[in-house]
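In my numbering, the protein residues as written are 39 to 351.
Virtual Cβ for every residue (Gly too), placed ideally from N, Cα, C.
Notes follow once the structure below has been shown.
Take a look at the structure:
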C-alpha cells in the first residue's frame, strides 16, 4: 500500500515538474504569438488595400534590431493628434487595420503602428525589454518628425499593448501627452493564474494568495500594476465587461492604482464589450468617449489672430 501511494505521489510530482519545465521553456510562445494558427507571418493586407495614406517606416531599436512600422495619416497635412497604436499579443498590425481605419475618421488623427520585434516584417525575437526598446525607438522617431504636432502624441494600447504603452508613457513624461488603456492586464504573473489555475498558488502579483515562489521563472512579467502608478499624464481606461481573456476586475485594479496618485484618470465601462471587439460592438459610445478625452487633455492649439496693426496677438 505504501509503495503504491509513493508511486502515485512520485507520478504527480513528475507531472508537475514536467509541466513547469515546459512552461519555463515555452513561456515566450505563450506570451507572444506573432503568427496566428493557420496563417503566415506576413501581412495579409496593407493600408493601401483600405485606401489609406501611409508610409513604411523602418527603425533600429537601441540594440540594433530592425523594425517595421506604418505611419498612417488621415490626410497629408493632418495636424491632429498622433496616436501610437500598440497591439495585442497575437497576430500582426495588419489584423488591426480595420479598427485603425475607423479610428482615423472618428478621431481625426494620425496613427503610428509598430510591429514589435519578431512580429510582421520586423526582425528579432520578442521579449519584454526588447519590445520596450522598440516602443522607445518609435516614439523617438515621431518626436523628430516635422509633419506632425509633437505636443499631441497619444499612446493607445490594448491587452499586451497596454502594458507596452504604460511603460513607454511612464518613461517619457515629456514626450507623451496622454495614455489610453483598453482591456489590459495587471501583470503576466496574474494572468498565469487566470490561464492556468493551478499556477495561481505559485505565480502571481502582490494581490494574489500563495507563496508565489515561481515568480522568478517568468521572463516577461509585464507588471503594469506597478508601472501605472508612476504615470503622470492623463489616462483613459476602457473596460469591456464581457472580456473573455482578461478579467475586467484587473482593469479596475489598474485604475485604482493610477487614480490614487493621478487626478487625471477616467474609467469607462462598456457592458457588451469583449476583449477584441469593444470598439465595434459599443460603436458610437466608444468613439465618443475617446474623442472627448482627447479634446479635454490633448486639445488643438488655438491659432493666433492678427491684430489691427498686422502683428499677431
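Under a Cβ-count criterion, where at least 16 other Cβ atoms within 10 Å of its own Cβ denotes burial, should residue 132 be classed as buried or exposed? Along the chain shown, one-based indexing puts residue 132 at 94. Classification for residue 132: buried.
What residue ranges within the segment 251-328 form continuous alpha helix (DSSP H) runs of no fewer than 4 residues, ordered along the chain? Considered as a whole, the segment 251-328 harbours 262-265, 286-297 and 316-319 as its complete alpha helix (DSSP H) runs of no fewer than 4 residues, in chain order.
Would you call the segment 322-338 and the segment 245-260 touching, i.e. three or more CB-CB distances under 8 Å? Judged by Cβ distances under 8 Å, the segment 322-338 makes no contact with the segment 245-260, as fewer than three pairs qualify.
Would you say residue 197 and residue 126 are within 7 Å of each other, going by their C-beta atoms? Indexing the chain shown from 1 puts residue 197 at position 159. Indexing the chain shown from 1 puts residue 126 at position 88. Yes, they are a contact pair.
Give the secondary structure of residue 196 by DSSP, where H, G and I count as helix, E and B as strand, and everything else as coil. Looking up residue 196 in the chain shown gives position 158. Note: residue 196 maps to strand in three-state DSSP.
What residues match up with residue 150 in a beta bridge as DSSP calls it? The residue labelled residue 150 in the question sits at position 112 within the chain shown. The secondary-structure analysis by DSSP pairs residue 150 across a beta bridge with 109 and 122.
Are residue 107 and residue 152 closer than 7 Å when you measure CB to CB? In the chain shown, the residue the question calls residue 107 occupies position 69. In the chain shown, the residue the question calls residue 152 occupies position 114. Contact flag set, yes.
Contact set for residue 46: own chain, Cβ-Cβ below 7 Å, skip 5 residues either direction: Residue 46 sits at position 8 when you count from the first residue of the chain shown. Only weak support is given to the placement of residue 46: the predicted model assigns it a pLDDT of 49, under 50, and the value that follows is read from those uncertain coordinates. Within the same chain, residue 46 has no close Cβ partners at all.
So, is residue 87 buried or exposed, given that buried needs 16 or more other C-beta atoms within 10 angstroms? Within the chain shown, numbered from 1, the residue matching residue 87 stands at position 49. Counting the other Cβ atoms within 10 Å of the Cβ of residue 87 gives fewer than 16, which makes it exposed.
Could you give the DSSP three-state label for residue 244: helix, strand or coil? What you label residue 244 is simply residue 206 of the chain shown in a count that begins at 1. Three-state DSSP puts residue 244 in coil, outside helix and strand.
Assigned secondary structure, residue 159 (DSSP; H/G/I helix, E/B strand, else coil): Residue 159 sits at position 121 when you count from the first residue of the chain shown. In this structure, residue 159 counts as coil in the three-state DSSP scheme.
Can you give the beta carbon distance from residue 130 to residue 158, rounded, assuming they're within the 8 Å contact cut? As a first step, residue 130 must be located in the chain shown, where it is residue number 92. As a first step, residue 158 must be located in the chain shown, where it is residue number 120. Residue 158 and residue 130 do touch by the CB rule: their CB atoms are close to 4 Å apart, below 8 Å.
Tell me the rounded alpha-carbon separation between residue 114 and residue 100. Numbered from 1 along the chain shown, position 76 holds the residue referred to as residue 114. Numbered from 1 along the chain shown, position 62 holds the residue referred to as residue 100. So the alpha carbons of these two residues sit roughly 29 Å apart.
May I ask you to list the residues that DSSP assigns as paired with residue 66? By one-based count along the chain shown, residue 66 stands at place 28. None, per the DSSP bridge assignment.
C-alpha distance - residue 71 paired with residue 340, whole-angstrom precision: Looking up residue 71 in the chain shown gives position 33. Looking up residue 340 in the chain shown gives position 302. Each residue's CA atom was taken as its position, placing residue 71 and residue 340 some 44 Å apart.
Determine the DSSP secondary structure at residue 186, reduced to helix, strand or coil. Position 148 of the chain shown, counting from 1, holds the residue named residue 186. Correct three-state label for residue 186: coil.
CA-to-CA distance, residue 212 to residue 297, given in whole angstroms: By 1-based counting over the chain shown, the position of residue 297 is 259. By 1-based counting over the chain shown, the position of residue 212 is 174. If you take the alpha carbons of residue 297 and residue 212, they lie about 20 Å apart.
Does residue 276 pass the burial test, meaning 16 or more other C-beta atoms within 10 Å, or should it be called exposed? Sequence index remark: in the chain shown, residue 276 carries index 238 (1-based). Looking at its Cβ environment, which holds 16 or more other Cβ atoms inside 10 Å, residue 276 is buried.
Drop a sphere of 10 angstroms on the beta-carbon of residue 96, count the other beta-carbons inside from all chains shown, and report buried for 16 or more, exposed for fewer. Taking the first residue of the chain shown as 1, we reach residue 96 at position 58. In the assembly as shown, residue 96 is an exposed residue. Its beta-carbon has fewer than 16 other beta-carbons within 10 Å.
How many whole angstroms separate the CB atoms of residue 278 and residue 221, which I take to be in contact at a CB cut-off of 8 Å? Numbered from 1 along the chain shown, position 240 holds the residue referred to as residue 278. Numbered from 1 along the chain shown, position 183 holds the residue referred to as residue 221. Contact flag correct, Cβ pair sits at about 6 Å.
Applying the 10 Å Cβ sphere with the 16-neighbour rule, what's the burial state of residue 150? Counting from 1 along the chain shown, the entry for residue 150 is found at position 112. With 16 or more other Cβ atoms within 10 Å, it is buried.
Count the other C-beta atoms from every protein chain shown that fall within 10 angstroms of the C-beta of residue 226, then say buried if there are 16 or more, exposed otherwise. If you number the chain shown from 1, residue 226 lands on position 188. Counting the other Cβ atoms within 10 Å of the Cβ of residue 226 gives 16 or more, which makes it buried.
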